[in-house]
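The structure appears right after this line, and notes come after that.
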Amino acid sequence: MKYKTIFERCHNIIQDREDSYGDARPLHQSIAKRWSSVLNGKLRADIDEVDVARLMGELKAARMDHTGFHEDSILDQMNYLAIAYRLQRDDE
């Protein structure tokens, strides 16, 4: 598969999710608050929405470590990293 095709598939997935759930920032901010609450006292600082996107990418990587290659998992991982990049860059 060509890189362009892979990235087009990623784009289509992100667009579908955005159409269904809206912009990623509010959701990832909500997850960050919940995770920070659960991890209160175990971390030195709260996590933010960029951390959430990066950690979700790591979750997908761990899933592949455990179950092997699955196209949807690697595309999801790529998309979470793209979300992390966008959220970080929007903050600059």
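Its first residue numbered 100, the sequence shown is counted upward by one per residue in our numbering.
Ideal Cβ positions, reconstructed from N, Cα and C, are used throughout, including at glycine.
Whole-angstrom distance between residue j and residue i, CA atom to CA atom
{"i": "N139", "j": "K101", "result": "44 Å"}
{"i": "D164", "j": "A144", "result": "28 Å"}
{"i": "F168", "j": "L142", "result": "32 Å"}
{"i": "A183", "j": "T166", "result": "24 Å"}
{"i": "E170", "j": "N178", "result": "12 Å"}
{"i": "A161", "j": "S172", "result": "10 Å"}
{"i": "I105", "j": "V137", "result": "35 Å"}
Own chain residues within Cβ distance below 7 Å of residue i, not counting five before or after
{"i": "L126", "result": "Y120"}
{"i": "D175", "result": "K159"}
{"i": "R133", "result": "none"}
Beta-carbon proximity of residue i to residue j, cut-off 7 Å
{"i": "L186", "j": "G156", "result": "no"}
{"i": "E148", "j": "A131", "result": "yes"}
{"i": "I146", "j": "S129", "result": "no"}
Sequence-distant residues of its chain with Cβ nearer than 8 Å to residue i (five each side left out)
{"i": "D189", "result": "R124"}
{"i": "E117", "result": "A123"}
Contact set for residue i: own chain, Cβ-Cβ below 6 Å, skip 5 residues either direction
{"i": "C109", "result": "L174, M177 and N178"}
query = Taking three-plus beta-carbon pairs below 8 Å as touching, is the stretch 108-122 in contact with the stretch 152-166?
reply = The stretch 108-122 is not in contact with the stretch 152-166.
request  = Can you check the stretch 102-169 for any alpha helix (DSSP H) of at least 4 residues that lies completely inside it and give the ranges in chain order?
outcome  = As far as the stretch 102-169 is concerned, its whole alpha helix (DSSP H) runs of at least 4 residues are 102-120, 123-137 and 148-166.
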